[in-house]
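This note's numbering applies: residue 1 is where the first sequence begins, and numbers increase by one.
Ideal Cβ positions, reconstructed from N, Cα and C, are used throughout, including at glycine.
Reading through the structure tokens given below for one structure.
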Amino acid sequence: MPGWPELEGAVLDVAPRLLGAVLRHDDVAVRLTEVEAYDGPDDPGSHAFNGRTPRNSVMFGPPGFLYVYFTYGMHHCCNVVVGAEGRPSAVLVRAGEVVDGLDTARARRGSTDRDLARGPARLCQALGIDRTHDGADLSRGSLTLTLPAEPATDVRTGPRVGLRQAADRAWRFWVDGEPTVSTYRPAVARPRRR
DNA sequence: ATGCTGATGGCCT
DNA sequence: GGCCATCAGCATG
């Protein structure tokens, strides 16, 4: 397995071990403080729940690659593919602290430093990640993931954000006390616009 | 602090 | 046609 045996375990085991990892794209680097687990065929909240499609095909590949999707007509979110090849599990990268490339990140976002990567779409914007990075190999190239030497302490869990499906599963993981962790908002049905 | 709303387009049935 | 793994901006307490 090329390079990523540490990402091949069950998604619920691997997800909290991504806390404290550093995701880097060229000069900008983010230390992860909040993630969510998605477990393919058994998870109604997963993009892969209904099988393989052109959009989600990276999720079915080997671990250590990036799955990037576009949503709400204007936002990108990124996931680290984990688990064995063929099982579409992934960890949504929800928030972190910019630890390198502050000037670039500020120019891309134009927000306070605390909000540079606070939320999955903000994090992608700060890092300059979009669909062209779908399928990127995180073990080499301009987009890399570095796992922490020691697992994070003070890890908390709770329900995932923004989901209407399987909202009861406490599959969100964050580092307690981190100011970059996004505040929890339960998903609410909004009336359709005309 | 919490709450609502418009923006905006790909994706899937 | 309906649904989003969202965010910024503005409102109110």
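Measure the CB-CB distance between residue i and residue j and report whether it falls below 8 Å.
i	j	result
S142	H25	yes
V99	A29	yes
S182	V161	yes
T153	R172	no
A167	D43	no
G64	D130	no
T180	G110	no
V68	D134	yes
L32	L18	yes
R87	G45	no
V93	V14	no
G51	E85	no
L116	A21	no
L23	L145	yes
Y126	R108	It should be noted that the sequence gives Ala, not Tyr, for residue 126. For A126 and R108, yes; Cβs fall inside 8 Å.
On the criterion of 16 or more Cβ atoms from any shown chain inside 10 Å, does residue i qualify as buried, or is it exposed?
i	result
N56	buried
Y72	exposed
P16	buried
G119	buried
Just to confirm my understanding: we take residue i, look at its own chain, exclude 5 residues before and 5 after, and list those with CB closer than 6 Å. What are they?
i	result
H75	A121
A170	T157, G158 and P159
E34	R94, A95, W174 and V181
C78	L66, V68, V93, C124 and I129
Could you check where the beta strand (DSSP E) with residue i kicks off and where it finishes?
i	result
V175	R172 to V175
R24	V22 to H25
F65	Note, F65: premise wrong, no beta strand (DSSP E); not H, not E.
G158	V155 to G158
L143	L143 to T146
Can you tell me where the alpha helix (DSSP H) holding residue i begins and where it ends?
i	result
A107	L102 to R109
V81	Not the alpha helix (DSSP H): V81 falls in the beta strand (DSSP E), residues H75 to V82.
V14	V11 to R17
L127	P120 to L127
Put residue i into one of helix, strand or coil per three-state DSSP.
i	result
T132	helix
S57	helix
E200	Nothing about residue 200 can be reported from this structure: the residues present for the chain run from 1 to 194 only.
L7	helix
D39	strand
R52	coil
D137	strand
R114	helix
V161	coil
A29	strand
Looking only at its chain, what residues have a beta carbon closer than 7 Å to the beta carbon of residue i, apart from the 5 residues adjacent to it on each side?
i	result
T132	none
R114	P179 and T180
T104	D27 and V28
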